[in-house]
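J.: Pasting a structure below so you can have a look.
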Amino acid sequence: MAASREREFQGTRGGITVREWPLEHPRMLAILVHGYGEHIGRYEHVADALIKAGAAVFGPDHMGHGRSAGDRVLIEDFEDVVTDVHAVEELARAEHPGVPVVMIGHSMGGMIAARYAQRYGDGLSALVLSGPVLGDWTVIGTLLALDEIPDIPIDPGTLSRDPSVGAAYAQDPLVWHGPFKRPTVEAFARALEAIAKGGSLGALPTLWIHGEEDALVPLGGTRTGIAALRGAGLTERIRPGARHEVFNEIDRDEVLAEVTAFLDRALSR
Numbered sequence: 354m355a356a357s358r359e360r361e362f363q364g365t366r367g368g369i370t371v372r373e374w375p376l377e378h379p380r381m382l383a384i385l386v387h388g389y390g391e392h393i394g395r396y397e398h399v400a401d402a403l404i405k406a407g408a409a410v411f412g413p414d415h416m417g418h419g420r421s422a423g424d425r426v427l428i429e430d431f432e433d434v435v436t437d438v439h440a441v442e443e444l445a446r447a448e449h450p451g452v453p454v455v456m457i458g459h460s461m462g463g464m465i466a467a468r469y470a471q472r473y474g475d476g477l478s479a480l481v482l483s484g485p486v487l488g489d490w491t492v493i494g495t496l497l498a499l500d501e502i503p504d505i506p507i508d509p510g511t512l513s514r515d516p517s518v519g520a521a522y523a524q525d526p527l528v529w530h531g532p533f534k535r536p537t538v539e540a541f542a543r544a545l546e547a548i549a550k551g552g553s554l555g556a557l558p559t560l561w562i563h564g565e566e567d568a569l570v571p572l573g574g575t576r577t578g579i580a581a582l583r584g585a586g587l588t589e590r591i592r593p594g595a596r597h598e599v600f601n602e603i604d605r606d607e608v609l610a611e612v613t614a615f616l617d618r619a620l621s622r
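Everything in the sequence shown is counted per our numbering, starting at 354 for the first residue and increasing by one.
What follows is the structure, given as structure tokens:
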């Protein structure tokens with residue numbers, strides 16, 4: 354794996370840890386936006402693929418996640434997370450002025466990246482949404498209807514057809530293995546509403562990639578959200594047989610090659 358380093362900055366609600374995979378004279382700056390309950394350290398192989406494609410890579414642990422400050426998995430307003438990610442973009446641009454920026458978001462990170470593109474899309478050259486939480490995510494209504502959210506962790510088997518992925522996830526001390534927190538679920542609902550009302554992504558080159566057998570963020574619910582965002586620059590790729598984490602699937606090398614090829618095309622426009 355490529356060498357990386359960590360730094361911290363003061364985010365909207367506490368300290369944010371950012372991992373950087375540096376590259377001299379990059380042709381693009383890639384910002385990775387991780388999903389719920391996990392951390393940026395699970396994206397080492399994604400960063401490797403991006404570095405080979407000519408990117409310097411940056412990715413924060415969101416508030417309440419990984420090595421960043423805050424109560425675990427507590428996010429009261431996703432607009433604050435978007436603001437924190439924008440600070441990462443500014444950090445990256447300060448190191449590499451004039452280099453185009455691309456963003457890759459997975460799951461909850463795809464939701465954050467979509468909202469980011471609505472707020473700051475003029476600064477992006479391309480966007481990749483992997484299994485994004487968009488549109489009708491029925492988990493939210495189900496959990497909010499309960500008096501008490503049950504302590505049921507995510508089933509690692511839903512992540513990938515590769516059993517080693519689920520095993521590593523289950524043993525990772527930086528992954529949250531407890532229940533959702535009600536304020537976070539309420540914040541999800543507000544974020545999805547804001548995105549639905551936030552308008553199209555227009556001509557921004559956008560790759561939506563989703564596992565056909567994704568049980569955590571089902572394809573049909575996300576499709577309604579994509580319809581609200583859809584612009585002239587959207588490319589859709591549904592991966593047959595794939596589960597939630599397409600970057601960790603049994604055909605991950607093919608998926609990452611498709612992502613880097615998409616970014617190449619976007620940068621050559």
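Even glycine gets a Cβ: it sits at the ideal position worked out from N, Cα and C.
Hey, would you say the C-beta of PRO509 is under 7 Å away from at least one heavy atom of the ligand FMN?
T.: Ligands in the displayed structure: none, and consequently the ligand FMN is not present.
J.: Can you give, in chain order, each stretch of the alpha helix (DSSP H) that sits fully within the region 521 to 591 and has at least 4 residues?
T.: DSSP runs (the alpha helix (DSSP H)) wholly in the region 521 to 591: 535 to 550, 572 to 582.
J.: Taking the beta strand (DSSP E) that VAL486 falls in, what are its first and last residues?
T.: Taken as a continuous stretch (DSSP letters only), VAL486 belongs to no beta strand (DSSP E), as it is neither H nor E.
J.: Can you say whether GLY412 is buried or exposed, counting buried as having 16 or more other CB atoms within 10 angstroms of its CB?
T.: Classification for GLY412: buried.
J.: Let me know the secondary structure DSSP gives GLU443 once reduced to three states.
T.: The answer is helix: DSSP assigns GLU443 an H, G or I state.
J.: State the beta-bridge partners of MET381 as determined by DSSP.
T.: MET381 pairs with ALA408.
J.: Just verifying my parser: in three-state terms, what is the DSSP assignment at HIS387?
T.: Coil.
J.: Please name the residue, chosen from LYS534, ARG622, ASP525, that lies closest to ASP424 on a Cα-to-Cα basis.
T.: The shortest Cα separation from ASP424 among LYS534, ARG622, ASP525 belongs to LYS534.
J.: From which residue to which residue does the alpha helix (DSSP H) around ARG420 run?
T.: Run containing ARG420: none; DSSP gives neither H nor E here.
J.: ARG596 by DSSP, collapsed to three states: which one?
T.: Looking at ARG596 - three-state DSSP - the assignment turns out to be coil, as it is neither helix nor strand.
J.: Given that a residue counts as buried once 16 or more other Cβ atoms are within 10 Å of its Cβ, and exposed if not, what is ALA406?
T.: Label assigned to ALA406: buried.
J.: Who are the Cβ neighbours of VAL481 in its own chain at under 6 Å, not counting the five residues just before and after it?
T.: Taken in chain order, the residues that qualify are ILE457, LEU560, VAL612.
J.: State whether the region 466 to 485 contacts the region 580 to 599, with contact taken as three or more CB pairs (one from each stretch) at a distance under 8 Å.
T.: Yes, since at least three Cβ pairs between the region 466 to 485 and the region 580 to 599 fall closer than 8 Å, the two stretches touch.
J.: Specify whether the region 543 to 555 and the region 459 to 473 touch according to this definition: at least 3 beta carbon pairs, one from each stretch, less than 8 Å apart.
T.: These segments touch.
J.: Where does the unbroken beta strand (DSSP E) through GLU611 begin, and where does it stop?
T.: First-last for GLU611: 605 to 620, but that is the alpha helix (DSSP H), not the beta strand (DSSP E).
J.: Flag this pair as touching only if the region 414 to 423 and the region 369 to 381 have three or more C-beta atom pairs under 8 Å; answer yes or no.
T.: With a cut-off of 8 Å, the region 369 to 381 and the region 414 to 423 count as touching, because enough Cβ pairs lie within range.
J.: Can you tell me where the beta strand (DSSP E) holding MET456 begins and where it ends?
T.: Looking at the DSSP string, the run of the beta strand (DSSP E) that includes MET456 is 454 to 459.
J.: My output table needs one value for GLY394: the three-state DSSP class, helix, strand or coil.
T.: Reduced to three states, the DSSP call for GLY394 is helix.
J.: Note down, in chain order, each residue of its chain lying with its Cβ closer than 6 Å to the Cβ of TRP490, except the 5 sequence neighbours on either side.
T.: Excluding residues within five positions, the ones whose Cβ falls inside 6 Å are GLY574.
J.: What number of angstroms, rounded off, separates the C-alpha of ILE562 from the C-alpha of ALA498?
T.: Whole-angstrom Cα-Cα distance: 30 Å.
J.: Once the 5 residues before and after HIS387 are set aside, which same chain residues still bring their CB inside 6 Å of it?
T.: So the list reads ILE393, GLY462, once near-sequence residues are dropped.
J.: Reducing DSSP to helix, strand and coil, say where ILE369 ends up.
T.: If DSSP states are grouped into helix, strand and coil, ILE369 belongs with the strands.
J.: Starting from the C-beta of THR436, find all residues in its chain whose C-beta is less than 7 Å away, skip the five residues before and the five after it, and write them out in chain order.
T.: For THR436, where only same-chain residues beyond five positions count, the Cβ hits under 7 Å are THR365.
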